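Enquirer:
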């Protein structure tokens, strides 16, 4: 897959095009020529007829690009993914750009002067861009538009949440404790809600920067769907090797208040014997196995809670231990998700897929979405019965898998 983003000045200077500034593979010169052609096609389809060209299919290749303001986002892929999902991934790539700059900076740059070099402004953020690119084609978070939580007994999660809530200074807007790509708890004001897209962009921003692990850090970051025009100041500190505390405020001068808050949180977690327990859970139980469900012939499953916009799944075990088999299962989930959620296909609520490698059964309701992979010898009737047992297990473990009560103030 070749990803790129280019800059064009169609709104301000007709025919003046820029060049690519981020891509995962490919030769820069060749891509510059391709993007110039795309800029010309975009200008032709947009200006005379107020039309937009979204994608082109050429054999096994799909060329997808999106025009937004003065930016063309493009992807040339031969992965079997639908144009709709490739377009969604391009949107996340653009959100990553906005998280580093804010939409105001981007718009003002193009409006105020010709030859605005977005690549120069984004210098040093390549790790965030490439971190996002590496996640987009294999992480269920972006497919489901949700995020994962660390599996944790609800009482323990509530204890951690109460510590964050009680220690917060007046200037704190959001507080969260996370481990890699999983959330432990999130504290927020009742009038503000963080959407999964913001959390996913923020997680990538933090975990693609190794420097955050070395010391407490104070950095500006924009949450692009919460407020694309402004940014928060993020206090980031790893209180244990895999436990990251993130405190967000709009006040630039609040570093020492956030540092004092971190000390109070850490002290409270230690006094309640929670900090070492959380660190041990991350080390031992970050990934759990499908065998805990005790359902014969169940290979893997993904459960998504519509209300909480969170999902849970076990780790990829046999027969999905290799990277190739892992990716193949992800593509199947993606294919089924695409069919069920295709526009105009609202009546489809169950999907049964069978191949020589596995059977996948999916059910979608207003409350949840559940995909389960079984042995290829399982019939539709047996899969439906096993599905019922799996659903009972999820209901039993729901509050440990999904964060249902985020602390509010």
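In this note's numbering, the protein residues as written are 13 to 421.
Using N, Cα and C, we set each Cβ at its ideal position, and we do this for glycine too.
These numbers come from a predicted model, not from an experiment.
1) Buried or exposed for residue 419, going by 16 or more other Cβ atoms inside 10 Å?
2) Whose CA, out of 227, 380, 180 and 310, lies closest to the CA of residue 330?
3) Please list, in chain order, all residues of the same chain as residue 102 whose beta carbon is under 7 Å from its beta carbon, the five residues on each side excluded.
4) With distances taken Cα to Cα, identify the nearest neighbour of residue 69 among 80, 91 and 177.
5) Are the CB atoms of residue 374 and residue 366 nearer to each other than 8 Å?
6) Quick check on this structure: which residue in 184, 233 and 150 has the alpha carbon closest to the alpha carbon of residue 346?
7) My parser needs the beta strand (DSSP E) runs of 3 or more residues fully inside the stretch 287-369; what are they?
8) Is the beta carbon of residue 152 closer than 8 Å to that of residue 380?
9) Using the beta-carbon count (16 or more within 10 Å), is residue 355 buried or exposed?
10) When DSSP labels each residue in this structure, what does residue 80 get in the three-state scheme?
11) Between 247, 372 and 121, which lies nearest to residue 217 when the distance is taken from Cα to Cα?
12) State the Cα-Cα distance for the pair residue 225 and residue 251, rounded to the nearest angstrom.
13) Express the C-alpha separation of residue 255 and residue 287 in angstroms, rounding to a whole number.
14) Take the Cβ of residue 439 as the centre, count every other Cβ of all protein chains shown within 10 Å, and call the residue buried at 16 or more, exposed below.
15) Around the Cβ of residue 297, are there at least 16 other Cβ atoms within 10 angstroms (buried) or fewer (exposed)?
16) Can you tell me where the alpha helix (DSSP H) with residue 210 in it begins and where it stops?
17) To the nearest angstrom, how far is it from the Cα of residue 26 to the Cα of residue 83?
18) Please go through the same chain and pick out, in chain order, the residues whose beta-carbon is closer than 6 Å to the beta-carbon of residue 236, but skip the five residues on each side of it.
19) Short of 6 Å in beta carbon distance, which residues of its chain neighbour residue 263, apart from the five on each side in sequence? Order them along the chain.
20) Report all residues from its chain with a CB closer than 8 Å to the CB of residue 154; omit the five preceding and five following residues, and keep chain order.
21) Could you give the DSSP three-state label for residue 192: helix, strand or coil?
22) Hey, how far is the Cα of residue 238 from the Cα of residue 210?
23) If you drop the 5 nearest sequence neighbours on each side, which residues of the same chain put their C-beta closer than 8 Å to that of residue 292?
24) Can the beta-carbon of residue 187 be found closer than 8 Å to that of residue 176?
25) Apart from the five residues just before and just after residue 393, which ones in its own chain have a Cβ nearer than 8 Å to its Cβ?
26) Which of helix, strand or coil does DSSP assign to residue 151?
Expert: For this structure:
1) For the purposes of this step, residue 419 is taken as residue 407 along the chain shown, with counting starting at 1. Classification of residue 419: buried, given that the 10 Å Cβ count is 16 or more.
2) Against the chain shown, residue 330 aligns to sequence position 318. The residue with the shortest Cα to Cα distance from residue 330 is 310.
3) Sequence index remark: in the chain shown, residue 102 carries index 90 (1-based). Excluding sequence neighbours, residue 102 sits near 76, 78, 85 and 87.
4) The sequence position of residue 69 within the chain shown is 57, counting from 1. Comparing Cα-Cα distances from residue 69 to each of 80, 91 and 177, the minimum goes to 91.
5) Sequence index remark: in the chain shown, residue 374 carries index 362 (1-based). Sequence index remark: in the chain shown, residue 366 carries index 354 (1-based). Not closer than 8 Å, so no.
6) Taking the first residue of the chain shown as position 1, residue 346 is located at position 334. Among 184, 233 and 150, the Cα nearest to that of residue 346 belongs to 150.
7) 310-317, 322-324 and 362-366
8) Working through the chain shown from its first residue, we reach residue 380 at position 368. Working through the chain shown from its first residue, we reach residue 152 at position 140. Using a Cβ distance threshold of 8 Å, residue 380 and residue 152 do not count as a contacting pair.
9) Locating residue 355 in the chain shown gives position 343, counting from the first residue. Around the C-beta of residue 355, fewer than 16 other C-beta atoms lie within 10 Å, and the residue is accordingly described as exposed.
10) The residue given as residue 80 occupies position 68 in the chain shown. In this structure, residue 80 counts as strand in the three-state DSSP scheme.
11) Counted from its first residue, the chain shown places residue 217 at position 205. Looking from the CA of residue 217, the closest CA among 247, 372 and 121 belongs to 247.
12) Here residue 225 refers to the residue found at position 213 of the chain shown. Here residue 251 refers to the residue found at position 239 of the chain shown. Approximately 9 Å, taken between the alpha carbons.
13) Looking up residue 287 in the chain shown gives position 275. Looking up residue 255 in the chain shown gives position 243. C-alpha separation (whole angstroms): 9 Å.
14) One cannot answer for residue 439 here, as it falls past the ends of the chain, which runs 13 to 421.
15) Locating residue 297 in the chain shown gives position 285, counting from the first residue. Its Cβ having fewer than 16 others within 10 Å, residue 297 is exposed.
16) For the purposes of this step, residue 210 is taken as residue 198 along the chain shown, with counting starting at 1. Boundaries of the alpha helix (DSSP H) around residue 210: 208-219.
17) Looking up residue 26 in the chain shown gives position 14. Looking up residue 83 in the chain shown gives position 71. Confidence at residue 26 is low in this model, with a pLDDT of 38, below 50, so the placement of that residue is unreliable and no value is reported for it.
18) Counting from 1 along the chain shown, the entry for residue 236 is found at position 224. Within the same chain, residue 236 has close Cβ partners 107, 110 and 111.
19) Here residue 263 refers to the residue found at position 251 of the chain shown. Counting only Cβ-Cβ distances below 6 Å, and skipping sequence neighbours, we find 183.
20) On the chain shown, position 142 is the one that residue 154 refers to. Cβ neighbours of residue 154 beyond the five flanking positions: 100, 101, 104, 147, 148 and 212.
21) Along the chain shown, one-based indexing puts residue 192 at 180. If DSSP states are grouped into helix, strand and coil, residue 192 belongs with coil.
22) The sequence position of residue 238 within the chain shown is 226, counting from 1. The sequence position of residue 210 within the chain shown is 198, counting from 1. Rounded to whole angstroms, residue 238 to residue 210 spans 7 Å at the Cα level.
23) Here the question's residue 292 lines up with position 280 in the chain shown. Counting only Cβ-Cβ distances below 8 Å, and skipping sequence neighbours, we find nothing.
24) Residue numbering aside, residue 187 sits at position 175 when the chain shown is read from its first letter. Residue numbering aside, residue 176 sits at position 164 when the chain shown is read from its first letter. Closer than 8 Å, so yes.
25) Counted from its first residue, the chain shown places residue 393 at position 381. So no residue of the chain qualifies.
26) Residue numbering aside, residue 151 sits at position 139 when the chain shown is read from its first letter. Residue state, collapsed to three classes: coil.
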